[in-house]
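Residue numbers (my numbering): 19 to 222.
Where is the CB? At the ideal position from N, CA and C, for every residue including glycine.
For clarity, every value in this text was computed on a predicted model and none was experimentally measured.
Quick notes on the structure that follows.
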């Protein structure tokens with residue numbers, strides 16, 4: 019299953035019809051190219067204030083359908099970390115006024131695991147990070163210089179013991195770093211992006 023966040027709304031592409039049942043306020047979309055383009059435009063032009071819904075494509079082959087959808091985008095690969103300290107607390111960063119997870123674009127020739135560790139080190143000033151299990155991929159779209167971009171982010175669990183030198187990377191618009199007990203993180207009220215909320219829901 020692919021869950022692509024467009025303008026904070028999810029477009030789900032799946033080959034499993036049971037994903038639709040009990041999925042909340044989703045509307046079905048046909049997998050033909052014309053309908054995929056309409057779905058994209060619908061979500062791009064939806065109001066986050068007045069509308070709360072998602073679209074779902076039940077495809078014969080979800081991988082091929084995703085490739086077809088992605089043709090209209092410039093692709094970007096990124097990686098990041100869901101970092102826990104020795105107390106079991108989770109690291110959140112505040113970037114451009116919203117709570118987020120540390121992540122960034124992959125450099126040429128870099129493995130995504132290397133990207134994830136490097137970005138957490140750079141954005142948070144942490145050392146001695148221990149790479150854990152792969153968690154998931156997240157997908158979200160945005161516009162840059164008038165072009166549609168589809169970013170795929172690879173997420174990994176991480177552990178850290180030494181946090182004494184932790185500091186935000188200000189040039190990346192990160193203003194605050196904090197560890198929170200999972201019990202204190204309310205995903206319904208947390209001021210974050212829906213793609214991040216989706217990743218956090220897998221560890222909280």
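Report task. Output the distance between the C-alpha atoms of residue 183 and residue 140, rounded to the nearest integer angstrom. Result -> Taking the first residue of the chain shown as position 1, residue 183 is located at position 165. Taking the first residue of the chain shown as position 1, residue 140 is located at position 122. Each residue's alpha carbon lies about 12 Å from the other.
Query raised in the report: For residue 101, is the classification buried or exposed, using 16 other Cβ atoms within 10 angstroms of its Cβ as the cut-off for buried?
Result: In the chain shown, the residue the question calls residue 101 occupies position 83. Flag for residue 101 reads buried.
Query raised in the report: According to the Cβ coordinates, are residue 23 and residue 157 closer than 8 Å?
Result: As a working note, residue 23 is residue 5 in the chain shown. As a working note, residue 157 is residue 139 in the chain shown. Yes, the Cβ-Cβ distance between residue 23 and residue 157 is below 8 Å.
**Report entry** Delimiting residues of the beta strand (DSSP E) encompassing residue 97
**Finding:** For the purposes of this step, residue 97 is identified with residue 79 of the chain shown, where counting begins at 1. 92 to 102 is the extent of the beta strand (DSSP E) around residue 97.
Query raised in the report: Using the rule of at least 16 other Cβ atoms within 10 Å of the residue's Cβ for burial, across every protein chain shown, is residue 28 buried or exposed?
Result: Taking the first residue of the chain shown as position 1, residue 28 is located at position 10. Label assigned to residue 28: buried.
Report task. Quick one: give me the first and last residue of the beta strand (DSSP E) that residue 170 is part of. Result -> One-based indexing of the chain shown puts residue 170 at position 152. Its beta strand (DSSP E) spans residues 165 to 177.
Query raised in the report: Residues bridged to residue 32 by DSSP?
Result: Taking the chain shown and counting its residues from 1, the one referred to as residue 32 is at position 14. Residue 32 is bridged to 76.
Report task. To the nearest angstrom, report how far apart residue 75 and residue 48 are at their CA atoms. Result -> Taking the chain shown and counting its residues from 1, the one referred to as residue 75 is at position 57. Taking the chain shown and counting its residues from 1, the one referred to as residue 48 is at position 30. Distance between the alpha carbons of residue 75 and residue 48 is about 6 Å.
Query - Residue of 179, 99, 91 and 38 minimising C-alpha distance to residue 163 - result: Residue 163 sits at position 145 when you count from the first residue of the chain shown. Of 179, 99, 91 and 38, the residue nearest in Cα terms is 91.
**Report entry** Interface flag, residue 80 vs chain C, CB-CB below 8 Å
**Finding:** Although the question refers to chain C, the structure presented lacks it and comprises just one protein chain.
Requested in this report: Output the residue ranges of the beta strand (DSSP E) runs that lie fully inside the region 134 to 159 and measure 3 residues or longer, sorted by chain position.
Outcome: none
Query raised in the report: Taking three-plus beta-carbon pairs below 8 Å as touching, is the region 204 to 217 in contact with the region 124 to 138?
Result: Because the criterion of three Cβ pairs below 8 Å is not met, the region 204 to 217 and the region 124 to 138 do not touch.
Query raised in the report: Does the region 181 to 197 touch the region 45 to 59, meaning 3 or more C-beta pairs lie closer than 8 Å?
Result: no
Report task. Please name the residue, chosen from 93, 73 and 19, that lies closest to residue 165 on a Cα-to-Cα basis. Result -> Counting from 1 along the chain shown, the entry for residue 165 is found at position 147. Nearest C-alpha to residue 165: 93.
Requested in this report: Output the distance between the C-alpha atoms of residue 147 and residue 73, rounded to the nearest integer angstrom.
Outcome: Residue mapping note: residue 147 aligns to position 129 of the chain shown, counting from 1. Residue mapping note: residue 73 aligns to position 55 of the chain shown, counting from 1. If you take the alpha carbons of residue 147 and residue 73, they lie about 38 Å apart.
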